[in-house]
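Student: In terms of the numbering used here, the sequence shown has 60 at position 58, counting the first letter as 1, and numbering is strictly consecutive.
Where is the CB? At the ideal position from N, CA and C, for every residue including glycine.
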Amino acid sequence: MEVKVKICMGTHCTMMGNLNLEENLERLQLEYPDQIEIEAVKCLKYCENNKAPVVELNGKIITNASAEIVMSEILEVVK
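1) Alpha carbon to alpha carbon, how far is residue 63 from residue 46?
2) For residue 2, count the other beta carbons within 10 Å of its own beta carbon; 16 or more makes it buried, fewer makes it exposed. Which is it?
3) Assign residue 61 to one of two classes, buried (16 or more other C-beta atoms within 10 Å of its C-beta) or exposed (fewer than that).
4) For residue 42, I'd like the list of residues in its chain whose CB is within less than 7 Å of its CB, leaving aside the five on either flank, ordered along the chain.
5) Is residue 80 near residue 34, with beta carbons less than 8 Å apart?
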């Protein structure tokens with residue numbers, strides 16, 4: 003199954019670590035090139051109230067996203 007990941011690159015999410023998260027996901031994408039689609043997007047509007055960084059995974063919003071959380075969710079889908 004394919005996973006579509008949208009990484010918020012709004013100012014707050016970028017400052018809270020989404021650039022690092024994007025790098026980690028791109029490395030994972032090399033292992034599953036036909037199953038993971040990554041898109042950097044403008045602000046997803048979920049970063050208020052200390053919820054940044056934000057990632058959308060197949061339509062599911064993940065707030066306070068870390069590489070570990072997002073990669074774990076991706077692996078549940080692709081394996």
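Tutor: In short, the structure shows the following:
1) 9 Å
2) Residue 2 falls outside the range modelled here, since the chain spans only 3 to 81, and no answer is possible.
3) exposed
4) 9, 11, 24
5) yes
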